[in-house]
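Take the sequence shown: its letter number 134 is residue 134 in the working numbering, and every next letter is one higher.
Here a beta-carbon is modelled for each residue, glycine too, at the ideal position from N, C-alpha and C.
Read through the structure below, which is laid out as structure tokens, and then see the notes.
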Amino acid sequence: MITLGRLRTLLPELLHRYKYVLLVIGAGLVMLLWPVSDAGQEHGDETANVHFDTRSSRQLEDDLEQILGQAEGVGRVVVRLSVSADENVIYAQESETQSDRSYADGFLADERMQEMRKTQVVNRDGDEEPIVISRQSPTYQGALVVCQGADRADVRLTVTRAVASMTGLGSDKIVVMKMKN
């Protein structure tokens, strides 16, 4: 049995012997309990708090060509985006359930439930338009940019950064090539 006096002499010895182990454990506990903000995360669930741009890939290509063409040193530019998942639109729907019953000899022989879904529409200026619940822009797989100024490293870097910021692609998925004259 350990007495209080023995514990007082044993504790400093144990702390001295295992100080690095205790330091690592303490640092791990601090990191586990430290609050994490979504703004600092680069990986994980990327769709959780992301506002999706609702432009189609062709519209984004056109916008990138127009914007990059105005950047210094880029010159004429052509942009092509590789899409891994198209735009996804979810419409508001109402559902109805109908039952078809058949009777034989006065008893229920068969009952089939059928669910019918109908897209909800809203009337705007005499035209009916479906009600959109959510819209997710396309997911891009890669980008190819061909421009006149691609022989300069600073132009390639500027173009790569611009395309990355507009598409969410990493710089390893963006290729910038020199346009032939």
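Hey, is the stretch 65-85 in contact with the stretch 119-131, meaning 3+ C-beta pairs nearer than 8 Å?
no
For V79, which residues from the same chain have a beta carbon less than 6 Å from its beta carbon, with the 5 sequence-adjacent residues on both sides left out?
For the purposes of this step, residue 79 is taken as the residue at position 79 of the sequence shown. Taken in chain order, the residues that qualify are E61, L64, E65 and V145.
For E129, which option in A92, V30 and E96 has the closest C-alpha, if you only look at C-alpha atoms?
As a working mapping, residue 129 is identified with position 129 in the sequence shown. Comparing Cα-Cα distances from E129 to each of A92, V30 and E96, the minimum goes to A92.
Give the DSSP-derived three-state secondary structure of M116 in the structure shown.
Position 116 of the sequence shown, counted from the first residue, corresponds to residue 116. Looking at M116 - three-state DSSP - the assignment turns out to be strand.
Go through its chain and collect everything with a Cβ distance to S171's Cβ below 7 Å, but skip five positions before and after it.
On the sequence shown, residue 171 is found 171 positions in, with the first residue counted as 1. Same-chain partners within the cutoff: T160 and A164.
Best match in S57, A27, L15 and I174 for proximity to P138 [C-alpha to C-alpha]
As a working note, residue 138 is residue 138 in the sequence shown. Out of S57, A27, L15 and I174, S57 has the C-alpha closest to the C-alpha of P138.
Please classify E74 as buried or exposed, where buried requires at least 16 neighbouring CB atoms within 10 angstroms.
Within the sequence shown, the letter at position 74 stands for residue 74. Here the sequence assigns Val to residue 74, which means Glu is not the residue at that position. A buried status is given to V74, since no fewer than 16 other beta-carbon atoms sit within 10 Å of its beta-carbon.
Where E115 and L169 are concerned, what is the direct C-alpha to C-alpha distance, given to the nearest angstrom?
Residue 115 sits at position 115 when you count from the first residue of the sequence shown. Residue 169 sits at position 169 when you count from the first residue of the sequence shown. If you take the alpha carbons of E115 and L169, they lie about 41 Å apart.
Check whether M179 and C147 have beta carbons under 7 Å apart:
Along the sequence shown, read from residue 1 onward, the residue named residue 179 stands at position 179. Along the sequence shown, read from residue 1 onward, the residue named residue 147 stands at position 147. Yes; because the gap between Cβ atoms is below 7 Å, this pair is in contact.
Taking C-alpha atoms, which residue in P35, L14 and E94 lies nearest to K118?
The count along the sequence shown starts at 1 and reaches residue 118 at position 118. Ranking P35, L14 and E94 by Cα distance to K118 puts E94 first.
Name the one or two DSSP bridge partners that L160 has.
As a working note, residue 160 is residue 160 in the sequence shown. This sequence places Thr at residue 160; Leu is not what is there. Per DSSP, none; premise fails for T160.
Using the rule of at least 16 other Cβ atoms within 10 Å of the residue's Cβ for burial, across every protein chain shown, is A104 buried or exposed?
Residue mapping note: residue 104 aligns to position 104 of the sequence shown, counting from 1. A104 should be labelled exposed.
Report buried or exposed for G149, applying the criterion of at least 16 other Cβ atoms within 10 angstroms of its Cβ.
Taking the sequence shown and counting its residues from 1, one reaches residue 149 at position 149. Result: buried.
What residue from S99, Y20, P12 and I90 has the CA that sits closest to V132's CA?
Translated into positions along the sequence shown, residue 132 becomes position 132. For the residues S99, Y20, P12 and I90, the minimum Cα distance to V132 belongs to I90.
Can you say whether E42 is buried or exposed, counting buried as having 16 or more other CB atoms within 10 angstroms of its CB?
In the sequence shown, residue 42 corresponds to position 42, counting from 1. Residue placement at E42 cannot be trusted, given a pLDDT of 44 that sits under 50; what the coordinates show is reported in the next sentence. When all chains shown are included, E42 counts as exposed.
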